[in-house]
Structures are given as structure tokens and as C-alpha cells.
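I have placed the structure first, in the form of C-alpha cells, so that the comments after it can refer back to it.
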């Protein structure tokens, strides 16, 4: 069959066009089926409404294959079960790599590339990701669907999309900590688009019911309203002294954002700098990362400071003593890092106290 | 790309110029002709990603676009051709290419980065190259006779001498929006001869054509260029938080008819 939008040939089992990413329109009898439901028992013979509201405007030729695909595969990035014929994951927009996992020998997986204009679906709404250097998340909100965002990431919107302020739990504490206090919310129907002001990658993360994700501050772009937003104190800090002045530093931020989904799945959009890598830590498995490189972690992943002192032929002198500061993460759970990260403020100064830390002297 | 069989020409979807059927890139704007135009469902067209080392013709000169993340526009000026540009964009030049300064009405009042605002002119023959200091895209805008384009200040990289240049100061509400100094907008007008205007947009650049009366709300920092027929009006929205009266969000309402160009990375103008 052929795409009604761009005319490109499309595999019969595909739900999205491999050329332009738009949804393949079928008659009501072969309404689009959410991939996860592919293994569900066959539907009753009565005509069931489509899983999401798409008018069946196009009648394909008679020789159309049955709508339920016989083969399925897993998206390497978000683990959604998708039709084997698809080139992009309809849940997170990642290019589906048919040759297997892109992983280096150390276990880091690079976030799969994304085709420009890749389109993904959440609820009855769609999100198209546009551009390569500073990608834009262009959302087509269905009536009743909502997204929330910090107001400085808004790029453009249709005039009829209404924006309101979303109340935040513990706003006072965040206010005193200098965190963004105003979280804004937009309601469909209509288009609204977001982008950050740094070159990097846009990371769409579908969040399943019961799942939570801890995200380092300032990386959040937008989320659907069924993603619950909360925050917690990281408890990771050190103080430095210079003359009579002492200063407290928070290498992963004073607060961390926590996003979770209750009954319904949601979509979380993050923006991180440079290239993005993810890995799964086994229980008790540890790894050292630079604190400002961390993007997100599962709540099961524990973290604390770690100091490393390389061996030296010279007797160490001065307060710095050739010391490296790490964030030590221990599994089980998933972690993600970005290749562009800031230097840690105060790292090279004399530390007077710090939160729980481990140490290694070579 | 649409083929015109009778003329055996391919029309560039970005700048509408006609090209030979065998051409891989548009000779007027460098847009690849052999790959599909990227248009989002909401109607934004992505500025064509110009292939490394693509060559573009204008007048008796040519421009080669080199690099992709921070692209360089290398101009090979023909004899008698000239281009004009702001400071901070020149990358290198051949020694023999002479530089002069364009006479501007009101230019003395305008300053850029603490220096007087000067438009320099380079005249051929010879080579001169330009780039801007951030990740982004070069936007090739061949201007046909009678076109009038308004561009965000300091966003233009260079323009060929056939294009008339002036700038206007936006007053009123936009003064509050863009800081106490107000905001200038560069205006490029062609009369009878076509010319080439090259802009640099931060991040990715998208263009959308608004119908008459059609509106879109754009973050003011993202605005890059517009046809002069498109009106721009700033609207404020109060975002109350319960603490200290909240904050204001300002968006520019762009109303057609005409083209609007935006950049995806922008300077956020503090609204408080």
C-alpha cells in the first residue's frame, strides 16, 4: 500500500509511513491497533472503535493485509513492543535498529538516531520532532490532552491554545532555592512547540504506569499531564572555604526532579547536551560518572560522592592533592549521561565538609 | 520537487528557482533537489540542510557553503560585484579584496557589542569567507525583484550589493520586551535586480507561510525573519503563581499574509 500523505510505498503491516512518518490511514475495519495489544485475544466480531481517534479517510486497495502484525520487536530505547516493519518507534521516535543493539563493549548504549520529523503518539495527541542541532518538539494536542513545561522553552503556539499556570507542591522551598517556580500548562486542541537554547538531543521517554524517573534539574522540556511531577533533595553536597568565606556546592543540583505515571502511561521530554548514552546497572553494580553528566536515573539507583586520589611520585602538597570528584552510582537500574557537561563549581577548592562519600587512593 | 516535463526543469521548493533536471542542488539557494522537502504537520518547513561544499551562484559571483555544524559561507566575488556585512562575521579574506564602509542614515546612534554599528562592503574580484560563532544553519534567501524582508537584528551574515539595506527601530511595547534600548530590525528590499541574502539562524531554522489574516504566536527570541507584509504585535499573558504576583509571558503575534522564519535556539528575553 501507499502513504496517503507522501505517496511512498509502505509495508502492509506498518502503522506509520517509513518516508514521512505520518500515520497510515486504514478503513474502520482495519483500525490501527496499539502494538502492545498485538498479542491480546482477538476482538469480538462487533465493530470496535479505533484505539485512537483517526478518521478513516482513505480506503486502501482490496489486497490489504490484516491489521494485526504477525511479527513484533522491541524498541531498544523505550522497550515498547512495535511492529517489525516499522523504522521509527511510534512511542519514542527512535530509529529502530534492525541489526541489534548499538552498544559499546563497556555496556553504554547510544541513544538511537532519530529521523528528522519523526512522529510519536501519546494519548490522542502526536509529537513531531524537527531539526537536528537544536530539535523542536512540535505537539499536536487533541482536545482535552494537556502538556506542562517551564515557560521559557515555549517556541511557538497556535493562538487558540490556552496557557495556564500549574500549581506546584512545595513551591516555597523551590522558590528559596532559586528553582523555576512557574510551571505552565497548555491544553488542546491545537499545536504548541518547545525547544531549549543549547545544541543537543531531545529525549522522549515514555513512562509506564507505576514507573518513576529521577532527572537532574534544568533538563526537563515538557511532559504530558498524566506524568506526575515532584522533586526531592539530592543530599549530595560539599562545602569549600576560601579565606573567611565558606560556600556549599551541589554537584548534581540541590534538587532533582522526579517524574512518575500513576494509572495511565505518559510522555516525558528531556533535552540534554551533545550525545546521550544509557546503560542498565545490575544490582550492586557501580560506576563512576561526572556529576554534571548525569541526565536521569531510575529511583532504585543510589548515588553518592566519591573521591579518587591518583598515586604520585611526588609527595602531595596543598589542599587539592591531585583529587578527582565523581558521582558513584550503584544499581539496580537505568542511568543516562550526556557528553556535554559543565565543570563542577568549587571542585578544585579546599573542601571542609561533604555529604557521604567513598574514597580511593591509588 | 515538481518536474516540469515540457521545460525539463526542476523547481526548488525553498526559493522557487528553476534548475536543470540533472541538478542535485539548487543553484540559487543550495537546497538539495534530490531529497524530499521536510515539512511538519503543523506547516513549518525546515530550512534545507545544505550539503557540505555546495556552490551557489549569484550575479557573477559564487558562494560555497562549507561545514555543517557552524557553516562557513565562502564567497568568490566576481569583478564589479560586492557584498555587505556586519562586523564579527568575517572569517578570512584574500588580501587584495578591498573593504569600504557603507554610508548609513542614523547609523551613528546604533551600536553593536560596544562598537559603532558599521556595515562593511567587500568588492571583487577575490575570495572572502564568513561564519558566526554558534551552532546553526545558513539560510539562503535569494530575493527576487520587489521583495521586502524584515530580519532580526544581527542575524544577517551578508547580502549582495543588489539588495537595498535599511533598518528600523521598533518602538512601543517591544521596547519593554527587548530591553530598554528597543530593538532594531533590518530591512532588505530589492528593486529591479535579484540578489542573495544569507542569514544565520541559531539551532535549526523553520519557515511557514501564513495566509492573509492567519496568526501564530511566536516566542520573540525565536523570530528570525518575515516578509514585510506580516505584522508583528507583542501580547502579554499574566502567569499568576500566588507568590509575589507571578510573572508575565510575552509572545509575538505574527499575522499573515507572508513568510515567517524562526530559529529553534534563541536568547530568552527575561520577561520580568
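Chains as they are written, first to last, in my numbering: chain C, 589 to 950; chain W, 16 to 287. Where a beta carbon is used, it is the ideal one built from N, C-alpha and C, also for glycine. These figures come from a predicted structure and were not determined experimentally.
Margin query: What does DSSP give as the partner residue(s) for residue 136 of chain W in the beta ladder?
Written below: Paired residues: W:99, W:115.
Check: Heavy atom of the ligand NAP less than 7 Å from the Cβ of residue 229 of chain W, yes or no?
Finding: The ligand NAP is not part of this structure, which contains no ligands at all.
Notebook entry, point to check: If you count every other CB in all the chains shown that lies within 10 Å of the CB of residue 74 of chain W, and 16 or more means buried, which is it?
Noted result: Burial call: buried.
Notebook entry, point to check: Does any residue of chain W bring its CB to less than 8 Å from the CB of residue 806 of chain C?
Noted result: Output row for residue 806 of chain C: interface = no.
Check: Can a CB atom of chain W be found closer than 8 Å to the CB of residue 772 of chain C?
Finding: Against chain W, the CB of residue 772 of chain C has a partner CB under 8 Å away; the residue lies at that interface.
Next item on the list: Tell me whether residue 945 of chain C sits in a helix, a strand or coil according to DSSP, three-state version.
Entry: DSSP places residue 945 of chain C in strand when its eight states are reduced to three.
Notebook entry, point to check: So, helix, strand or coil for residue 27 of chain W, using DSSP?
Noted result: In the structure shown, residue 27 of chain W adopts coil according to DSSP, grouped into three states.
Next item on the list: Note down, in chain order, each residue of its chain lying with its Cβ closer than 7 Å to the Cβ of residue 686 of chain C, except the 5 sequence neighbours on either side.
Entry: The pLDDT assigned to residue 686 of chain C is 49, lower than 50, so where the model puts this residue is not dependable, and the model offers no usable value.
Margin query: For chain C, check one thing: does any of its Cβ atoms lie closer than 8 Å to the Cβ of residue 107 of chain W?
Written below: Chain C contact via Cβ: absent.
Next item on the list: Under 8 Å by Cβ, that's how I've got residue 163 of chain W and residue 242 of chain W pegged, so tell me the actual separation to the nearest angstrom.
Entry: For a cut-off of 8 Å, the C-beta gap from residue 163 of chain W to residue 242 of chain W is around 7 Å, short enough to register as a contact.
Next item on the list: Taking the CB atoms as reference points, tell me whether residue 815 of chain C and residue 795 of chain C lie closer together than 8 Å.
Entry: A Cβ-Cβ contact shorter than 8 Å links residue 815 of chain C with residue 795 of chain C.
Notebook entry, point to check: Which residue or residues does DSSP assign as beta-bridge partners of residue 273 of chain W?
Noted result: Answer is W:225.
Notebook entry, point to check: If you draw a straight line from the C-alpha of residue 893 of chain C to the C-alpha of residue 943 of chain C, how long is it?
Noted result: Straight across, the Cα-Cα distance linking residue 893 of chain C with residue 943 of chain C is about 7 Å.
Note to self: Within 8 Å of any Cβ in chain W, is that where the Cβ of residue 787 of chain C sits?
What the structure shows: It does; some Cβ of chain W falls within 8 Å.
Notebook entry, point to check: Considering residue 180 of chain W, what are the terminal residues of the beta strand (DSSP E) in which it resides?
Noted result: For residue 180 of chain W, the enclosing beta strand (DSSP E) has its first and last residue at 178–185.
Next item on the list: For residue 209 of chain W, name the three-state secondary structure that DSSP assigns.
Entry: Note: residue 209 of chain W maps to coil in three-state DSSP.
Next item on the list: Could you please give the first and the last residue of the uninterrupted beta strand (DSSP E) stretch that includes residue 920 of chain C?
Entry: Note, residue 920 of chain C: premise wrong, no beta strand (DSSP E); not H, not E.
Next item on the list: Could you tell me which residues DSSP puts in a beta bridge with residue 859 of chain C?
Entry: Paired residues: C:790.
Next item on the list: Could you pull out every residue in the same chain whose Cβ sits closer than 8 Å to the Cβ of residue 240 of chain W, ignoring the five residues on either side in sequence?
Entry: If we look at residue 240 of chain W and ignore the five residues flanking it on each side, its Cβ neighbours are 154, 156, 164, 165, 166, 167, 170, 214, 274, 275, 276.
Notebook entry, point to check: For a contact meaning CB atoms closer than 8 Å, what does residue 230 of chain W contact in chain C?
Noted result: Simply 747.
Next item on the list: Give the straight-line distance between the Cα atoms of residue 680 of chain C and residue 661 of chain C, rounded to the nearest whole angstrom.
Entry: Roughly 14 Å separates the two Cα atoms.
Checklist line | Test: residue 720 of chain C CB closer than 8 Å to a CB of chain W | finding: With respect to chain W, the C-beta atom of residue 720 of chain C has a partner C-beta closer than 8 Å.
Checklist line | residue 889 of chain C (DSSP reduced to helix, strand or coil) | finding: Residue 889 of chain C falls in the coil class under three-state DSSP.
Notebook entry, point to check: With burial defined as no fewer than 16 other Cβ atoms inside 10 Å of the residue's Cβ, what is the status of residue 205 of chain W: buried or exposed?
Noted result: Residue 205 of chain W should be labelled buried.
Notebook entry, point to check: At least one CB of chain C closer than 8 Å to the CB of residue 154 of chain W: is that the case?
Noted result: It does not: the Cβ of residue 154 of chain W has no partner Cβ on chain C nearer than 8 Å.
Item checked: For residue 281 of chain W, the first and last residue of its enclosing beta strand (DSSP E) -> Per DSSP, residue 281 of chain W belongs to no beta strand (DSSP E) and is neither H nor E.
Notebook entry, point to check: What are the partner residues of residue 47 of chain W, as DSSP defines its beta bridges?
Noted result: Per DSSP, W:40.
Checklist line | Closest Cα partner of residue 813 of chain C within the set C:855, C:923, C:880 | finding: Answer by Cα proximity: C:855.
Margin query: Classify residue 216 of chain W: buried if its beta carbon has 16 or more other beta carbons within 10 angstroms, exposed otherwise.
Written below: Under this definition residue 216 of chain W is a buried residue.
Note to self: Using C-beta distances below 6 Å, list every residue in its chain close to residue 890 of chain C, excluding the 5 sequence neighbours before and after it, in chain order.
What the structure shows: Leaving aside the five residues that flank residue 890 of chain C on each side, the residues in its chain whose CB is nearer than 6 Å to its CB run, in chain order, 918.
Checklist line | Span separating the alpha-carbon of residue 266 of chain W from that of residue 935 of chain C | finding: Distance from the CA atom of residue 266 of chain W to the CA atom of residue 935 of chain C, rounded to whole angstroms, is 40 Å.
Notebook entry, point to check: Near residue 718 of chain C, which residues of its chain fall below 7 Å by C-beta distance, leaving aside the five closest residues on each side in sequence?
Noted result: Closer than 7 Å at the Cβ level, and outside the excluded window around residue 718 of chain C, lie 704, 705, 724, 726.
Check: What is the DSSP secondary structure of residue 141 of chain W, reduced to helix, strand or coil?
Finding: Looking at residue 141 of chain W - three-state DSSP - the assignment turns out to be strand.
Notebook entry, point to check: When the distance is taken between beta carbons, is residue 811 of chain C closer than 8 Å to residue 742 of chain C?
Noted result: No, they are not a contact pair.
Notebook entry, point to check: DSSP three-state call for residue 954 of chain C: helix, strand or coil?
Noted result: In the structure as shown, chain C starts at 589 and stops at 950, and residue 954 of chain C therefore has no counterpart that could be examined.
Notebook entry, point to check: Using the rule of at least 16 other Cβ atoms within 10 Å of the residue's Cβ for burial, across every protein chain shown, is residue 833 of chain C buried or exposed?
Noted result: It is exposed - the Cβ of residue 833 of chain C has fewer than 16 other Cβ atoms within 10 Å.
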